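A short write-up of the structure that comes next.
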Amino acid sequence: MRTLRTTARVLRQLTHDRRTIAMIVLVPCLLLVLLRYVFDDSPATFDRVGLVMLGVFPLVIMFLITSVAMLRERTSGTLERLLTTPIGKLDILLGYGLAFALAAAVQAALVSALAYLVLGLDAAGGAGLVVMLAIGNAVLGMALGLFFSAFARNEFQAVQFMPAVILPQALLCGLFVPREQMVGWLHAISDVLPMSYSVEALTEVGRHAEATSVMWRDAGIILAVAVVALLAGAATLRRRTG
Amino acid sequence: MTPAIQVTDLVVERGRRRVLHGLTAEIPRGAVTGLLGPSGSGKTTLMRCVVGVQRVASGTVRVLDAPAGSRALRSRVGYLTQSPSVYPDLTVRENLRYFASLYRTPDDTDEVTAVVGLSGAEHQLVRDLSGGQRARASLACALVGRPELLVLDEPTVGQDPVLRDELWRRFHALAHNGTTLLVSSHVMDEAARCDDLVLVRDGRIIAHDTPGAVRAAAGTDDLDEAFLRLIRDHEEVAS
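Residue numbers (this note's numbering), protein chains in the order written: chain A, 416 to 657; chain B, 1272 to 1510.
Structure below.
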């Protein structure tokens, strides 16, 4: 129950911040439109890259929003205050998780609708799978954000974790250079970065009409990493501090 | 009946610096105990030990017959942090509702809103409130859920004198009904309003008695002066 009450509280905070809501929804839409016209001459490239972006956007945006939101909770004293109440650490993390997952679902649905209906994105697989993977990626981004917020002392540092944590994954995930063509050590690194599996899963949906076993395996990996990051995040919530 | 709080040989270190030097004290139930001392004397650290969020080097703190910070205590202890810890992007009422929802007690948000004098402002976002109002919103969140022990870190700083008077009356009314209050302050005129006084300086307790007894021991009616004499006596003993 305390989890759901925390979810409701986080969503209520979001509703008082209309600009953030607008940015969650509009920024990925705008970027997708840009992408569509950058690849105006090559619809096949847009189909490939645009589809992958439907997973990358929620991951990046949720990472940023969650890490800053959690950092605020830590620095404003409300976290310390919460830890003196009967609430459990997992209630706090899952409460946040659920709230942002819900926001991510809305975002994913709207951005996917834009991609399919307006921008003419063409994928072999169903839109339902794309939305599901987009939500999965959002949950991953959120869990990573919750975890990495523990290592930031202030907002400046929290924002720097975006390029530090997300950009290397974007470079190595197979979007720019197929992972098979990378030198051995780069390929090995990309093997342990979760975004590689996000991109692979969405690429599978783009190529095959039915959900493939590789896609399900990748979805499983994304979820498993999210759960591990969430538990690691719970471990960083110390009741007693110096 | 055991005391509400039992502190035994409590040592706290922050970095390499020792901030509490083996404190021992017993805080009675159903009374208002004032924790007084200058800024940096260790008041907040001691309060953080009582609510169980401070890492302790050695010694023990028992609260309502359980180790401080243990799970069973979390629904029985209310804590006001020194700087307001409320969500600025929620209204006063939304903040209170959330904190109230974490306890199993009936919702008393309207009552505590009135107690802290925020009845007209409950639908305002906390970030739009004045500093004093924000502090009161935080205080209301600590009062919610009818805790048996209230640990209040400087609850009246920066408040209007009339409201301050009302709050102190309220603290005594709560104590009269059995609630234990530990209230910190660095203004001596509030010390006179406590049932029991703990004077802290440089991480050591230099006096623990009723205001009357502290005055008598120091041989002056003025608590400010009494505190000063106690410090000098203490330093002479130490050197």
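Virtual Cβ for every residue (Gly too), placed ideally from N, Cα, C. For clarity, every value in this text was computed on a predicted model and none was experimentally measured.
- Task: Just mark residue 452 of chain A as buried or exposed, buried being the case when its beta carbon has 16 or more other beta carbons within 10 Å.
- Result: Position 37 of the first sequence, counting from 1, holds the residue named residue 452 of chain A. Exposed, because fewer than 16 other Cβ atoms sit within 10 Å of the Cβ of residue 452 of chain A.
- Item | Cutoff 8 Å: residue 1382 of chain B Cβ touching any chain A Cβ | By 1-based counting over the second sequence, the position of residue 1382 of chain B is 111. Chain A contact via Cβ: absent.
- Query: Counting Cβ pairs closer than 8 Å, one from the region 1391-1406 of chain B and one from the region 1369-1377 of chain B, do we hit at least three?
  - Reply: no
- Please report the residue range of the alpha helix (DSSP H) in which residue 490 of chain A lies. In the first sequence, the residue the question calls residue 490 of chain A occupies position 75. For residue 490 of chain A, the uninterrupted alpha helix (DSSP H) segment begins and ends at 458-490.
- Message: Does residue 1349 of chain B come out as helix, strand or coil in the three-state DSSP assignment?
- Response: Mapped onto the second sequence, residue 1349 of chain B falls at position 78. The answer is strand: DSSP assigns residue 1349 of chain B an E or B state.
- Task: Work out the CA separation of residue 559 of chain A and residue 1496 of chain B for me, nearest whole Å.
- Result: Indexing the second sequence from 1 puts residue 1496 of chain B at position 225. Indexing the first sequence from 1 puts residue 559 of chain A at position 144. Residue 1496 of chain B and residue 559 of chain A have their C-alpha atoms roughly 56 Å apart.
- Query: Closer than 8 Å, CB to CB, is residue 508 of chain A near chain B or not?
  - Reply: The sequence position of residue 508 of chain A within the first sequence is 93, counting from 1. Taking CB atoms only, residue 508 of chain A has no neighbour in chain B less than 8 Å away.
- Where does residue 630 of chain A land, buried or exposed, given buried means 16+ other C-beta within 10 angstroms? Within the first sequence, residue 630 of chain A is the residue found at index 215, counting from 1. So residue 630 of chain A ends up on the buried side.
- Message: Please state the DSSP three-state secondary structure of residue 1467 of chain B.
- Response: Mapped onto the second sequence, residue 1467 of chain B falls at position 196. Strand at residue 1467 of chain B.
- Assigned exposure category for residue 460 of chain A - 16 Cβ within 10 Å defines buried: Counting from 1 along the first sequence, the entry for residue 460 of chain A is found at position 45. Label assigned to residue 460 of chain A: exposed.
- Given a threshold of 16 other Cβ atoms within 10 Å of its Cβ, counted over all protein chains shown, does residue 1415 of chain B qualify as buried or as exposed? Residue 1415 of chain B sits at position 144 when you count from the first residue of the second sequence. The residue is buried, with at least 16 neighbouring Cβ atoms inside 10 Å.
- Message: Quick check on this structure: which residue in A:417, A:623, A:479 and A:561 has the alpha carbon closest to the alpha carbon of residue 542 of chain A?
- Response: As a first step, residue 542 of chain A is located in the first sequence; it is residue number 127 there, counting from the start. Measuring C-alpha to C-alpha distances from residue 542 of chain A to each of A:417, A:623, A:479 and A:561 identifies A:623 as the nearest.
- Message: So that I know if they touch, is there some Cβ in chain B lying closer than 8 Å to that of residue 495 of chain A?
- Response: Here residue 495 of chain A refers to the residue found at position 80 when the first sequence is read from its first residue. Yes, contact with chain B.
- Message: So residue 657 of chain A contacts chain B; which residues on that side make the cut at Cβ distance below 7 Å?
- Response: Stepping through the first sequence from its first residue, residue 657 of chain A is reached at position 242. Neighbours of residue 657 of chain A on chain B, chain order: 1285 and 1326.
- Only counting runs of 4 or more residues, tell me where the alpha helix (DSSP H) segments fall wholly within the region 1423-1469 of chain B, in order along the chain. 1432-1447 and 1459-1462
- Task: Would you mind telling me which residues of chain B sit closer than 8 Å to residue 492 of chain A, beta carbon to beta carbon, in chain order?
- Result: Counting from 1 along the first sequence, the entry for residue 492 of chain A is found at position 77. Identification of chain B residues near residue 492 of chain A by a Cβ-Cβ cut-off of 8 Å yields 1352, 1354, 1355 and 1356, ordered along the chain.
- Task: Work out the CA separation of residue 1482 of chain B and residue 1466 of chain B for me, nearest whole Å.
- Result: In the second sequence, the residue the question calls residue 1466 of chain B occupies position 195. In the second sequence, the residue the question calls residue 1482 of chain B occupies position 211. Distance between the alpha carbons of residue 1466 of chain B and residue 1482 of chain B is about 7 Å.
- Message: Considering only their Cβ atoms, is the gap separating residue 612 of chain A from residue 581 of chain A smaller than 8 Å?
- Response: Reading the first sequence from its first residue, position 166 is the one you call residue 581 of chain A. Reading the first sequence from its first residue, position 197 is the one you call residue 612 of chain A. When the beta-carbon positions are compared, residue 581 of chain A and residue 612 of chain A stay at least 8 Å from each other.
- Check each candidate in B:1423, B:1356 and B:1430 and name the one with the smallest Cα separation from residue 1388 of chain B. The residue given as residue 1388 of chain B occupies position 117 in the second sequence. Comparing Cα-Cα distances from residue 1388 of chain B to each of B:1423, B:1356 and B:1430, the minimum goes to B:1430.
- Query: If you draw a straight line from the alpha carbon of residue 1433 of chain B to that of residue 1385 of chain B, how long is it in whole angstroms?
  - Reply: As a working mapping, residue 1433 of chain B is identified with position 162 in the second sequence. As a working mapping, residue 1385 of chain B is identified with position 114 in the second sequence. For the pair residue 1433 of chain B and residue 1385 of chain B, the Cα-to-Cα distance works out to about 14 Å.
- Query: When the Cβ atoms of the region 1474-1489 of chain B are set against those of the region 1443-1457 of chain B, are three or more pairs found closer than 8 Å?
  - Reply: no
- Query: In its own chain, which residues sit with a C-beta less than 6 Å from the C-beta of residue 554 of chain A, not counting the 5 before and 5 after it?
  - Reply: Residue numbering aside, residue 554 of chain A sits at position 139 when the first sequence is read from its first letter. So the list reads 516 and 641, once near-sequence residues are dropped.
- Between which two residues does the beta strand (DSSP E) harbouring residue 436 of chain A extend? Position 21 of the first sequence, counted from the first residue, corresponds to residue 436 of chain A. Not the beta strand (DSSP E): residue 436 of chain A falls in the alpha helix (DSSP H), residues 433-453.
- Close beta carbons around residue 1439 of chain B, own chain, < 7 Å, minus the five adjacent residues each side: For the purposes of this step, residue 1439 of chain B is identified with residue 168 of the second sequence, where counting begins at 1. Sequence-distant partners of residue 1439 of chain B (beyond 5 residues in either direction) whose C-beta falls short of 7 Å from its own C-beta, in its chain, are 1464.
- Task: Determine the chain B residues that contact residue 427 of chain A at a beta-carbon separation under 7 Å, and present them in chain order.
- Result: Your numbering for residue 427 of chain A matches position 12 in the first sequence. Chain B residues near residue 427 of chain A: 1361 and 1365.
- Query: If you check the beta carbons only, do residue 1303 of chain B and residue 1291 of chain B fall under 8 Å apart?
  - Reply: If you number the second sequence from 1, residue 1303 of chain B lands on position 32. If you number the second sequence from 1, residue 1291 of chain B lands on position 20. No, the pair does not count as a contact, with Cβ atoms beyond the cut-off.
- So, does the CB of residue 455 of chain A fall closer than 8 Å to a CB anywhere in chain B? Counting from one through the first sequence, the residue named residue 455 of chain A turns up at place 40. Judged by the 8 Å Cβ criterion, residue 455 of chain A is not in contact with chain B.
- Task: Taking all protein chains shown into account, decide if residue 358 of chain A is buried (16 or more other Cβ within 10 angstroms of its Cβ) or exposed.
- Result: The structure shown does not extend to residue 358 of chain A, since chain A is modelled only from 416 through 657, so no value can be given for it.
- Item | Assigned secondary structure, residue 1294 of chain B (DSSP; H/G/I helix, E/B strand, else coil) | As a position in the second sequence, residue 1294 of chain B is number 23, starting the count at 1. In the structure shown, residue 1294 of chain B sits in a strand (DSSP, three-state: E or B).
- Message: Report the start-end ranges of each beta strand (DSSP E) in the region 1362-1392 of chain B that is 3 residues or longer and not cut off at the edges.
- Response: The region 1362-1392 of chain B contains no whole beta strand (DSSP E) run of 3 or more residues.
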